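Chemist:
In full-length UniProt numbering, the protein residues as written are 1 to 265.
See the structure below:
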């Protein structure tokens with residue numbers, strides 16, 4: 001859910017490689033949805049239309065004599081009027097459509113799972129804990145809010161320091177497990193400025209519903225100014241000034257302090 005929309009950024013036009021969709025995660029998943037919606041609607045219209053046509057054609061009529069050879073016989077395939085050929089064509093066409101959709105969808109999902117990594121990629125380590133998130137930037141700065149530039153590839157390296165968690169931002173179509181002792185990589189590109197809500201999607205304890213974080217998508221120049229300021233304040237300290245357990249992150253108070261209190265209860 002977008003909480004505070006401050007203006008639309010310049011949208012990234014999806015890059016195309018043949019017929020397989022490319023672009024942001026939102027664009028890829030939206031294209032998959034659109035294709036299945038259109039094809040599903042067409043198939044539904046054809047099937048229902050053909051069913052209604054046959055219901056009308058073979059309706060009970062006083063003028064139709066019993067035993068008319070044109071009427072279909074229960075349990076027998078149509079013969080003599082190309083019925084077998086129609087059946088073969090329908091099965092073949094259905095198989096081609098289904099196999100093509102599977103291959104096309106697999107190609108799109110393969111891109112989502114292993115996208116290209118541009119040189120300007122922003123890398124952030126995400127650590128889940130009961131019951132909050134901390135985001136660690138390359139300079140060691142930690143915060144409870146994820147700040148990223150608009151129209152820029154963001155790589156998240158996600159882990160947990162206690163139990164299984166799962167971080168997700170539905171509006172950005174990103175969702176990934178946070179597993180203790182293991183790092184899971186995912187990515188996203190936000191093409192609209194604003195504030196989004198990240199939350200945990202893995203039941204992890206009594207404070208699970210409080211395990212949220214803000215994702216702020218900023219203009220490039222504002223992000224660079226903010227990041228430069230954190231560098232000047234925190235230097236190259238491995239942990240910055242933030243601690244996860246006491247509800248502070250970086251130089252600010254974490255928005256999840258209530259959740260931290262629950263975790264310590």
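Yeah, the Cβ is synthetic: ideal placement off N, Cα and C, and Gly gets one too. Just so it is clear, the structure is predicted and the values come from calculations on it, not from any experiment.
(1) Please determine, among 189, 26 and 29, the residue with the shortest C-alpha to C-alpha distance to residue 118.
(2) Between the stretch 50-60 and the stretch 99-112, do at least 3 Cβ pairs fall closer than 8 Å?
(3) Residue 146 and residue 225 - do their beta-carbons sit closer together than 8 Å?
(4) Within a Cβ cutoff of 6 Å, which residues of the same chain sit near residue 128, ignoring the five residues on either side of it in sequence?
(5) Given a threshold of 16 other Cβ atoms within 10 Å of its Cβ, counted over all protein chains shown, does residue 113 qualify as buried or as exposed?
(6) Under 8 Å between the Cβ atoms of residue 195 and residue 139?
(7) Quick one: grab the DSSP three-state call for residue 25.
(8) Could you name the residues of the same chain whose beta carbon sits closer than 7 Å to that of residue 89, not counting the 5 residues immediately before and after it, in chain order?
(9) Which partner residues of residue 214 appear in the DSSP bridge assignment?
(10) Relative to the alpha-carbon of residue 191, which residue among 144, 174 and 149 has its alpha-carbon at the smallest distance?
(11) Cβ atoms of residue 173 and residue 26: under 8 Å apart, would you say?
(12) I need the straight-line Cα distance from residue 45 to residue 38, nearest angstrom please.
(13) In angstroms with no decimal places, state the Cα-to-Cα distance between residue 186 and residue 170.
Modeler: The short version:
(1) 189
(2) no
(3) no
(4) 160, 165 and 178
(5) exposed
(6) no
(7) helix
(8) none
(9) 197
(10) 149
(11) yes
(12) 11 Å
(13) 14 Å
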